[in-house]
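Reading through the structure tokens given below for one structure.
Residue numbers (the working numbering): 35 to 313.
This is how it looks when you write it as structure tokens:
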């Protein structure tokens with residue numbers, strides 16, 4: 035890695051080597067259900083900045099809301115670089131995953147600490163996987179040129195008809211090869227699905243080698259369940275989390291962010307972390 039890559043990674047990961055990235059890039063994908071809790075992005079960003087996670091994941095159209103906040107002590111920007119139409123309950127006749135134009139130039143102008151791109155594995159949709167690989171290959175060369183960390187998001191999805199829409203597939207034997215493919219394609223960070231059996235997650239960490247693994251939040255669950263899952267995943271060797279709906283759709287986004295930060299960075303027990311929701 036170049037010096038500039040390390041410098042940006044040091045802005046993203048805390049001194050303990052862990053990271054909590056709050057993803058609020060959902061509006062990029064054109065799904066009405068994804069907008070719940072983020073209707074007013076200025077309010078969302080203001081709340082998250084106050085909670086002070088390590089990073090906030092945003093799109094080119096919303097990144098300005100974070101970067102306009104004055105002062106040095108604010109979350110780092112993780113910039114979403116690809117848009118896709120694979121999340122609906124009814125899939126369109128033509129699927130796509132497309133990278134934004136001049137992704138690295140835009141990331142540099144926005145002072146991003148990292149860029150993120152998808153690696154989709156959808157049943158019977160090899161063309162989407164090919165498009166994702168093309169996106170990653172194009173982005174990787176630019177990232178290397180400009181010293182920008184590349185986060186790849188290997189996302190295994192269940193069959194749309196059986197799942198009734200976008201649903202992750204937590205089968206460990208499907209997650210492992212896609213995570214390894216992300217590493218082989220040059221990921222500096224892997225943002226991966228949680229496995230159905232959380233106690234198997236050390237296998238995902240192992241297959242990624244020395245590349246840090248941040249775990250996606252998946253669907254919205256109860257606060258104690260997400261806190262316990264996070265505690266268990268960190269115990270399996272994950273370097274952090276990237277959660278969206280479990281934060282932004284929570285009635286107390288500030289409190290749940292602080293509770294999750296206590297687990298990720300302080301090793302707090304889930305029931306102890308719950309005290310952040312009492313304020």
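Glycine included, each C-beta is placed from N, C-alpha and C at the ideal position.
Remark: C-beta atoms of residue 89 and residue 46 approach each other more closely than 8 Å. By the C-beta density criterion, residue 184 is buried, having at least 16 other C-beta atoms within 10 angstroms. Nearest in C-alpha terms to residue 204, of all of 178, 113, 228, is 228. DSSP places residue 255 in no alpha helix (DSSP H); its state is neither H nor E.
Exclusion of the five residues before and after residue 54 leaves 87, 88, 274, 275, 294, 295, 298 as the residues of its chain whose Cβ lies within less than 7 Å of its Cβ. Residue environment for residue 307: buried (at least 16 other C-beta atoms within 10 angstroms of its C-beta). In this structure, the CA atom of residue 234 is about 11 Å from the CA atom of residue 271. Judged by beta-carbon spacing, residue 62 lies beyond the 8 Å limit of residue 121, meaning their Cβ atoms are not closer than that value. Check the Cα spacing between residue 148 and each of 67, 300, 66, 224: the tightest is with 224. Judged by their CB atoms, residue 219 and residue 187 are not nearer to each other than the 8 Å cut-off.
By the C-beta criterion, the segment 67-79 is judged to be in contact with the segment 95-115, since at least 3 inter-stretch pairs fall below 8 Å. Counting only residues of its own chain and dropping the five nearest sequence neighbours on each side, residue 286 has a CB closer than 7 Å to the CB of 311.
Around the beta carbon of residue 156, 16 or more other beta carbons lie within 10 angstroms, which makes this residue buried. Contact between residue 182 and residue 138 holds: their C-beta atoms lie close to 6 Å from each other, under 8 Å.
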